[in-house]
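Trainee: Residue numbers (this note's numbering), protein chains in the order written: chain Y, -18 to 92; chain X, 54 to 936.
Ideal placement from N, C-alpha and C gives every residue a C-beta, glycine not left out.
1. Here's a check: name, in chain order, each residue in its chain whose Cβ is nearer than 7 Å to the Cβ of residue 539/X, leaving out the five neighbours to either side.
2. Would the beta-carbon of residue 837/X fall within 7 Å of that of residue 924/X?
3. Within 7 Å of any Cβ in chain X, is that where the Cβ of residue 63/Y sits?
4. Where does residue 353/X fall in DSSP's three states?
5. Can a CB atom of chain Y be found closer than 7 Å to the CB of residue 122/X?
6. Please confirm whether residue 59/Y and residue 45/Y have their CB atoms less than 7 Å apart.
7. Go ahead and label residue 658/X buried or exposed: buried means 16 or more other beta carbons lie within 10 angstroms of its beta carbon, across all protein chains shown.
8. Is the distance from the Cβ of residue 621/X to the Cβ of residue 767/X below 7 Å?
9. From which residue to which residue does the alpha helix (DSSP H) around residue 383/X run?
10. I want to verify the contact list: residues of chain Y whose CB lies under 8 Å from the CB of residue 109/X, in sequence order.
11. Expressed to the nearest angstrom, what Euclidean distance is found between the alpha-carbon atoms of residue 30/X and residue 358/X?
12. Among the residues of its own chain, which have a CB less than 7 Å from the CB of residue 778/X, if the five just before and after it don't count?
13. What in chain X is Cβ-close to residue -1/Y, meaning under 7 Å?
14. Going by Cα to Cα distance, which pick from 331/X, 212/X and 264/X is closest to residue 372/X?
15. Measuring CB atoms only, is the region 185 to 196 of chain X touching the region 385 to 394 of chain X, in the sense that at least three cross pairs come out at less than 8 Å?
16. Taking any Cβ of chain X, which residues in the region 35 to 63 of chain Y have a Cβ under 7 Å from it, in chain order?
17. What does residue 5/Y reach in chain X if we use C-beta pairs closer than 9 Å?
18. Closer than 8 Å is the cut-off here; do at least three beta carbon pairs connect the region 99 to 113 of chain X with the region 71 to 90 of chain X?
19. Could you give the DSSP three-state label for residue 225/X: helix, strand or coil?
20. Please confirm whether residue 32/Y has its beta-carbon closer than 7 Å to some beta-carbon of chain X.
21. 7 Å is my cut-off, CB to CB: does residue 72/Y come that close to chain X?
22. Please list the terminal residues of the continuous alpha helix (DSSP H) segment that includes residue 715/X.
23. Report the residue ranges of all alpha helix (DSSP H) runs contained in full by the region 591 to 669 of chain X; include only those spanning at least 4 residues, in chain order.
24. From the DSSP output, in three-state form, read off residue 486/X for me.
25. Using a Cβ distance threshold of 8 Å, determine whether the region -10 to 6 of chain Y contacts the region 72 to 82 of chain X, with at least three qualifying pairs required.
26. Sorted by chain position, which residues of the same chain lie with C-beta nearer than 7 Å to residue 476/X's C-beta, five sequence neighbours on each side aside?
27. To the nearest angstrom, report how far apart residue 754/X and residue 692/X are at their CA atoms.
28. Measuring CB atoms only, is the region 666 to 676 of chain X touching the region 729 to 736 of chain X, in the sense that at least three cross pairs come out at less than 8 Å?
29. Residues of the region 68 to 81 of chain X with a CB closer than 9 Å to any CB of chain Y: list them in chain order, please.
30. Could you check where the beta strand (DSSP E) with residue 304/X kicks off and where it finishes?
31. Does DSSP put residue 870/X in a helix, a strand or coil?
32. Which runs of the beta strand (DSSP E), 3 residues or longer, sit entirely within the region 715 to 800 of chain X?
33. Can you tell me whether residue 761/X is buried or exposed? The criterion is at least 16 other CB atoms within 10 Å of its CB, across all chains shown.
34. With DSSP as the reference, label residue 313/X as helix, strand or coil.
35. Between residue -9/Y and chain X, is the shortest Cβ-Cβ distance under 7 Å, so that the two count as touching?
36. In angstroms with no decimal places, state the Cα-to-Cα distance between residue 411/X and residue 430/X.
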């Protein structure tokens, strides 16, 4: 079982990948989407997003490109790569397996 | 933020990753602040709140920065690797397109380095490496000396050895041995094996134990007891398949069965050689009374903490005591103790050093050759390099581009050098003279190979890299349009390299010439007998069966008569100490009762021979008579003298009937006989010696139990060996012939090492001449190609074909000439340093020097001829048109 911090980091990575799976976004927009869905539970410090984004970019799962934002500012946009898409699929299935396993302990099903 | 980036762009460069990160985080903060402002906060509050929600900006920025830089460096490394590989691929393609160049460089590189590695390995393994025994510095050779006679490296008598062994206090072991060769029959065919008969303690001296088997039993060490031997490791593996069950089995040598008592460890080497056996030395029965017979070599291992000097004084003490106790035998005899390794390689060291010098020059030559070839190519490709430089390639990349080809060629050179070196070693082992010690342990030294290769490649890289760097700063356009001249200073380097090559070639040619003259003179010397069509072998009559002189002489007469009766045998005789086979024995003597002065000036070599010997060996009787039927046992002893003996002792020529008294054999009573004849001089030590005075006593009067038989044969002498062995066996089943060889083999072996070094130097010289010629060809061809326009113009202006050819040849030979002069001087130095190796020839032998120079000139002119003809055929009209 991974360490608690890794768990959080790993979860954040999955969230970023999922968020970007719909459309390319810049860092601020990603933060916004995640905060919308999860409240402040997972992204206590917004800045923590950026090391995660850069690491994912180094891995090749997302690609970065400077572009123009909706208000004509230069912003760094990220998009999911095919490699990232595959990683996302795997991460999702891993997560679901994990949830099921923990769920068995917390809510054992009647046999 | 945009102003920031714009400022950078104005400055003309891209923002760094750190600046990017800052920009990205700043964007987030601004957007957040704006959103908060829209929600109703004031600008400052919004900004503050945005920063709070963000978290520690510095921390996150630092994290992002480190991720970014690591990514950048990773990418850069990948790019560099890809670029290097790409260059290598390009280089490989370039080499593939110029197979001549690639093959030349690889062959010269690999061949030169491989040859050099062979010789360096030889020198290292034979001379430098310590003997493969534990604590080899404690191993010593113990010689008997007679300083009054100038003898420093003499052998011992068995009795002396026993006394030394018993009384010594400074050695952990001492042992003596004698050696001969025996024939071993077998299903794979006969083979000649070296036999070392060693006294007890032999294995202890070398601190080895048999790896299989238990060694000799006490009975096997005694004369008359069962025979046993220890196999060398190589023999065990090849002849007995490495089977431990071979121990205990029987093996027949010279017709005698021996029990295999054990196997010696691998790498034993000296004095056994690769294919040898050790048998126990059996003390002769009369050992106590035969103190004067000195024929045993002795080695010892110094006890821990004892120095060589201490060991020597200890033994000297014993020798002095022996002198006092047995003045008759030991008067004037001392001992000397020397490090074993020095003694083993003593003979071969000057030869190997000479060869090392020769091959070093050759390696230098091949390095210069490679450098020249690479330089020429680099100059030719200067256009390519210039374009790359103009397109922005850094100096590092230009160097790598120029050098990548050389790198690939170096790899090819390694692939060629290893088999060349290995083959060289194999050839030396197969054809090298037996006098090269430890040859059996020589295997290619990869360290030497790597070192030599490194040096050569370094030279090549330097010669390729320098023009590459110069090119990077050149003005590109004239080169691109093809009009630029070779402003690269390749020409001067080429000339220096060519000069160096010629110097080396001249030095090697001249040295080889001097050596060849020396060998020629040596081989032309007559040894004083006719070695053709003769078979020789050693016999040892057991004292048990032939206890006295009468029986010995009777046996000899009978045996020789039977041998003479063999079909094909035209003459037979016997002697002690066959000439040129090693071994010598000198005695003082008195003339007509006059013992002569106190020093040893009245001494000469003493031998014993029968009547048939001189006919068998074809030694002429030049005056008086030889031994004949009238000289029988019981009659008055007679003596034959060689010409130089007569010249020395009876310059007035009045030698007939003079009486001389001398020891015919070591340990014998002196014999008194009248000189009845003079025989031709013999060169008994080596072919090049000044013949020394020799006296022969007749075997009838000085009965010898161990002697050498000489048979003159009609046809091939080796063919009668089986018949000879049968005759001997039928005469005495316990008797067997040892060291069976033809006389020609003996003579050839006596100067095999001279042929070896002369042959090798000749080979080096030939290769050097070819390489120098090839190098000259490449350089001149290149020069002609570079200047073809110039030549065309000159032809257009009226220069004739012949004139152009002459000029090109002169151009090429100019550097060769200067180099040759330097080379001849070097050859003189080499010859002077190896003066001891030359026979009757001066180091500056004019014939040799002249021949060497002439050869070099011929090679040079041939090398220049092709390019010269090509230059002459340049069409002047073409050149004019191209302008």
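Mentor: Once the coordinates are examined:
1. With a pLDDT of 47 at residue 539/X, under the threshold of 50, the predicted position of this residue should be treated as unreliable, though the coordinate-derived value follows. If you ignore the 5 residues before and after residue 539/X, its C-beta comes within less than 7 Å of the C-beta of 432 and 839, all in its own chain and listed in chain order.
2. Yes, the pair counts as a contact, with Cβ atoms nearer than the cut-off.
3. No - not a single Cβ of chain X is within 7 Å of the one on residue 63/Y.
4. When DSSP states are grouped into helix, strand and coil, residue 353/X belongs to the strand group.
5. Closer than 7 Å to the CB of residue 122/X there is not a single CB belonging to chain Y.
6. Yes, the pair counts as a contact, with Cβ atoms nearer than the cut-off.
7. Burial call: buried.
8. Contact flag set, yes.
9. For residue 383/X, the enclosing alpha helix (DSSP H) begins and ends at 380 to 383.
10. Chain Y residues near residue 109/X: 26 and 28.
11. Here chain X has residues from 54 to 936 only, and residue 30/X is not among them.
12. Exclusion of the five residues before and after residue 778/X leaves 308 and 790 as the residues of its chain whose Cβ lies within less than 7 Å of its Cβ.
13. Residues of chain X passing the Cβ test: none, with the nearest at roughly 20 Å.
14. It is 212/X whose Cα lies nearest to the Cα of residue 372/X.
15. The region 185 to 196 of chain X vs the region 385 to 394 of chain X: in contact.
16. Of all residues in the region 35 to 63 of chain Y, 35, 36, 39, 54, 55, 56 and 57 have a Cβ within less than 7 Å of some Cβ in chain X.
17. Per Cβ cutoff of 9 Å: no residues; residue 5/Y is ~15 Å from chain X at best.
18. Counting Cβ pairs under 8 Å, three or more are found: they touch.
19. In this structure, residue 225/X counts as strand in the three-state DSSP scheme.
20. At least one C-beta of chain X is nearer than 7 Å to the C-beta of residue 32/Y.
21. So no, residue 72/Y is outside the interface.
22. For residue 715/X, no alpha helix (DSSP H) run applies; the uninterrupted beta strand (DSSP E) run containing it begins and ends at 712 to 715, by DSSP.
23. Secondary structure within the region 591 to 669 of chain X: the alpha helix (DSSP H) runs of 4 or more consecutive residues, fully enclosed, are 602 to 617 (chain order).
24. In the structure shown, residue 486/X adopts coil according to DSSP, grouped into three states.
25. No, the region -10 to 6 of chain Y is not in contact with the region 72 to 82 of chain X.
26. Within the same chain, residue 476/X has no close Cβ partners at all.
27. Within the model, the alpha-carbon separation for residue 754/X versus residue 692/X is close to 10 Å.
28. Three or more beta-carbon pairs separated by less than 8 Å link the region 666 to 676 of chain X to the region 729 to 736 of chain X, which places the two stretches in contact.
29. Listed in chain order, the positions of the region 68 to 81 of chain X with a beta carbon within less than 9 Å of a beta carbon of chain Y are 73, 74, 76, 77, 78, 80 and 81.
30. Segment 303 to 306, the beta strand (DSSP E) holding residue 304/X.
31. Note: residue 870/X maps to helix in three-state DSSP.
32. Whole beta strand (DSSP E) segments, 3+ residues: 724 to 732, 747 to 751, 759 to 766 and 791 to 795.
33. Buried, because 16 or more other Cβ atoms sit within 10 Å of the Cβ of residue 761/X.
34. Strand.
35. Output row for residue -9/Y: interface = no.
36. Going by the C-alpha atoms only, they are around 29 Å apart.
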